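Report on the structure given below.
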């Protein structure tokens, strides 16, 4: 496998998927900022908690089929229709069950009337939301992520337009959630049209034996997805049960800022995953090693300076984005800043385990981490409130990375994270020290510009990126698709 053509394909699809994710994430982030300014911390808390419940239900109903589909279709694209039809029907049935159970549980959680109404509405979006993720997996496996970009752009503009109109008319969070649910149906329909016309014609030929085999093969992925659902921001769930809507809002304010930048590793590694899966499937360990090392190095080169920047400039960043009244979010942002580089490593490690058909080890790491996260999160939140929720989030991500790296190393694989990142770490540290000296004296935009320039200069000075890597990147872009 030609390494340059491999990375050419990865970068091309990463650019297309990044455009989609940037548009999608930007729309939700902008709305969060607007909600915080118009409805305060309590309004932001209700909106964030509702979106967490949607993510939890969708992950549980999706059964891990997304990652399973990408891996299997990457091996043989001719089986696309069979997999999509069977998994689609299975996830719809499971979604209906999960929605029914949720409708019975929510009234007994002691939520405010507005939060309860928002959760009821967002549950209606679970079915199209789940089908949407399955169809996205097909586009990724076929390396046709431009369809995701088209649909996401339409959905983002529609959602933001409807939401801003509702806020201007004086409606509350429930109206925003209703607009979100409508958009999920629109996107799922657009995906279906693109998939059926340009990827594979879906034929509803059902096979009980194939469905049973699918359940057997996907059960570990399903367990992993269920655990991921339980671990999908449990701090917000705990805050919603034991604190108030404002506390959820303060935590969510910091989380939104950190979460935006996790888009980079998620988007890049989503496109790396099918290539990595194929390399592992054909036992091309050299290509696999190159992909892993380059991915770790470049992702940390982006995420480490961001983490340092959030720590140094937490207060002015929050003031710029949300305005006054979010002082409790400062400590939370500084703690969760470490989630940015940790999430980069997480995105690499779990995909490596899944690509090697070792998803049972990934599930084991997730179970151990989730148990620790729920118990520690409960204690930290009761003790420290918003800061405790942030501490639980960062520690849980660190623990999961340690477990996954342990499992990766058992077969002799050495990722060499320290070797790959020490120069980048030094550049980020020096940048942070210098920025910390001037952050309270100058405009935030001036500090950011100076810090970026300083970091780039230090990267060159410390030879964090070699001449050979520049040459390699140039060759990648020169290769025809």
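In my numbering, the protein residues as written are 129 to 609. All C-beta atoms in this analysis are idealised placements derived from N, C-alpha and C, irrespective of residue type, glycine included. Since the structure is predicted, the reported quantities are computational estimates derived from the model, not experimental observations.
One thing to note: residue 258 has its Cβ within 8 Å of the Cβ of residue 186. Sixteen is the threshold: when 16 or more other Cβ atoms of the shown chains lie within 10 Å of the Cβ of residue 469, as they do, the residue is buried. Taking every protein chain shown into account, the CB of residue 236 has fewer than 16 other CB atoms within 10 angstroms, so this residue is exposed. Going by C-alpha positions, residue 203 is about 15 Å away from residue 212.
Nearest to residue 310 by C-alpha distance, out of 285, 322, 323, is 285.
At the C-beta level, residue 215 and residue 189 stay beyond 8 Å of one another. Close CB contacts of residue 194 within its chain, under the 6 Å cut and outside five residues either way in sequence, are with 261, 265 (chain order). From the listed residues 294, 503, 432, 504, the smallest Cα separation to residue 546 is found for 432.
According to the DSSP assignment, residue 271 belongs to no alpha helix (DSSP H), since it is labelled neither H nor E. Counting of Cβ neighbours within 10 angstroms places residue 256 among the buried residues, the total reaching 16 or more. The continuous alpha helix (DSSP H) containing residue 518 extends over residues 514 to 537. When the alpha-carbon of residue 231 is set against those of 252, 240, 242, the nearest one is in 252.
In the DSSP annotation of this structure, the continuous segment of the alpha helix (DSSP H) that includes residue 557 starts and ends at 545 to 566. Taken through DSSP and simplified to helix, strand or coil, residue 384 comes out as helix. C-alpha of residue 287 to C-alpha of residue 343: approximately 35 Å in a straight line. The region 362 to 370 makes no contact with the region 405 to 412: fewer than 3 CB pairs, one atom from each, lie closer than 8 Å. DSSP, read as helix, strand or coil, puts residue 433 in helix. For residue 590, the closest alpha carbon among the candidates 577, 549, 483, 571 is that of 549.
The region 451 to 462 makes contact with the region 514 to 527: 3 or more CB pairs, one atom from each, lie closer than 8 Å. Closest in C-alpha terms to residue 532, from the list 575, 487, 569, comes 487.
Using a Cβ-Cβ distance cut-off of 8 Å, the region 552 to 562 and the region 372 to 391 are not in contact, since fewer than three pairs of beta carbons, one from each stretch, lie closer than that value. Put simply, the backbone Cα of residue 234 is about 47 Å away from that of residue 577. Judged by their CB atoms, residue 167 and residue 301 are nearer to each other than the 8 Å cut-off. Inter-residue distance for residue 390 and residue 269 is about 22 Å (C-alpha atoms, whole angstroms). If you draw a straight line from the Cα of residue 528 to the Cα of residue 479, it comes to about 13 Å. Assigned with DSSP and collapsed to three states, residue 332 falls in coil, not helix or strand.
The three-state reading of DSSP puts residue 569 in coil, since its state is none of H, G, I, E or B. Secondary structure within the region 452 to 495: the alpha helix (DSSP H) runs of 4 or more consecutive residues, fully enclosed, are 457 to 464, 467 to 483 (chain order). No residue range can be given for residue 240, since it is assigned to no alpha helix (DSSP H) and is classified by DSSP as neither H nor E. The beta carbon of residue 456 is closer than 6 Å to those of 378, 514 in its chain, skipping five residues each way along the sequence.
With a cutoff of 8 Å on beta-carbon distance, residue 316 and residue 291 are scored as not near each other. Rounded to the nearest whole angstrom, the CA to CA distance from residue 332 to residue 226 is 24 Å. DSSP places residue 377 within a helical segment (H, G or I) once states are collapsed to three. Between residue 579 and residue 563, the CB-CB gap stays under 8 Å.
With respect to the C-alpha of residue 586, the residue from 556, 569, 416 having the closest C-alpha is 556.
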